[in-house]
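To keep things clear, I will list the structure first and then write my remarks on it.
Residue numbers (my numbering): 270 to 382.
In structure tokens:
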């Protein structure tokens, strides 16, 4: 199952890169940002699957991480290609930070219970 996560993530990443090459309206900044979102979320799901967290936590976190990944992907698709005053990019960073914080909290709660 863990390797399946990496394979699916790799396929989605490759698909994103090919679509970025085909469509001229898909800006290189957005292709790179979406590729980063795909890589980070694939690694988060892989780490979650490989961790010693209890199964109930794994299932619910996997579901939440997948929803967050879709939201991050959509946000990254519409991000303007500037770094300054970029609200959507800030939202992406906050969503990712929320995922990491949630994972850490669940990791420690799972160890206690």
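All residues carry an ideal CB built from backbone N, CA and C; glycine is no exception.
Please read these numbers as outputs of a predicted model, since none were measured by experiment.
task: Indicate whether the contact test is met: 3 or more Cβ pairs, each with one atom in the region 323-333 and one in the region 280-287, closer than 8 Å.
output: no
message: So for residue 382, helix, strand or coil by DSSP?
response: Counted from its first residue, the chain shown places residue 382 at position 113. Residue 382: coil per DSSP, three-state reduction.
field: Whole-number beta carbon distance between residue 314 and residue 340, since they are thought to touch under 8 Å
entry: Numbered from its first residue, the chain shown carries residue 340 at position 71. Numbered from its first residue, the chain shown carries residue 314 at position 45. At roughly 15 Å, the Cβ-Cβ gap does not stay under 8 Å, so residue 340 and residue 314 are not in contact.
field: From 275, 304, 382, 288, residue whose alpha carbon lies closest to that of residue 318
entry: Position 49 of the chain shown holds residue 318. Of the listed residues, the one whose Cα sits closest to residue 318 is 275.
query: Using the rule of at least 16 other Cβ atoms within 10 Å of the residue's Cβ for burial, across every protein chain shown, is residue 366 buried or exposed?
result: Counting from 1 along the chain shown, the entry for residue 366 is found at position 97. Under this definition residue 366 is an exposed residue.
query: Which same chain residues, not among the five before or five after residue 349, have their C-beta less than 8 Å away from its C-beta?
result: Within the chain shown, residue 349 is the residue found at index 80, counting from 1. Cβ within range, chain order: 355, 357.
message: Classify residue 369: buried if its beta carbon has 16 or more other beta carbons within 10 angstroms, exposed otherwise.
response: In the chain shown, counting from the first residue as 1, residue 369 sits at position 100. With fewer than 16 other Cβ atoms within 10 Å, it is exposed.
message: Which residue wins for smallest C-alpha separation from residue 307, given the options 291, 337, 359?
response: Reading the chain shown from its first residue, position 38 is the one you call residue 307. The shortest C-alpha separation from residue 307 is found at 337.
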